[in-house]
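In our numbering, the protein residues as written are 674 to 792. Heads up: the structure comes next, in structure tokens.
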């Protein structure tokens, strides 16, 4: 791959948090980081939102749009791609879901015992 990664930095006021790997949080804190992330995104998974985010980054570099507009385009891409950080640790979320399922199962068993008493 002969793509050149952007190294100049135009910091974002508020970084964009995304989920990468096995639910690890990564903060994208600059225009260069957004553009590099988009360039690294697998080609097979690219779509209209990816293209729009790339175009917005390029326009922001050229001064055609504000940095905040490029950030919004990246947010839209991240949300559509399902990688926008929700603030919930995935391990904790799975553990809590397992606990809830167990409680529901136990409550259902207790309910069925009350409805069908054995003589």
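Cβ coordinates follow ideal geometry from the N, Cα and C atoms, glycine included.
Query                                                                                                                                         : Result
Under a three-way DSSP split, which group does residue 738 fall into?                                                                         : coil
Would the beta-carbon of residue 724 fall within 8 Å of that of residue 747?                                                                  : no
Please determine, among 720, 716 and 775, the residue with the shortest C-alpha to C-alpha distance to residue 753.                           : 720
Does residue 695 come out as helix, strand or coil in the three-state DSSP assignment?                                                        : coil
Measure the CB-CB distance between residue 749 and residue 707 and report whether it falls below 8 Å.                                         : no
Can at least three beta-carbon pairs, one atom from the stretch 725-740 and one from the stretch 768-786, be found at a separation below 8 Å? : no
Give the single residue among 705, 761, 775 and 769 whose Cα lies nearest to the Cα of residue 698.                                           : 761
Judging by CA-CA distance, which residue of 775, 776, 715 and 756 is the nearest neighbour of residue 693?                                    : 756
Going straight from the alpha carbon of residue 780 to that of residue 774, what length do you get?                                           : 10 Å
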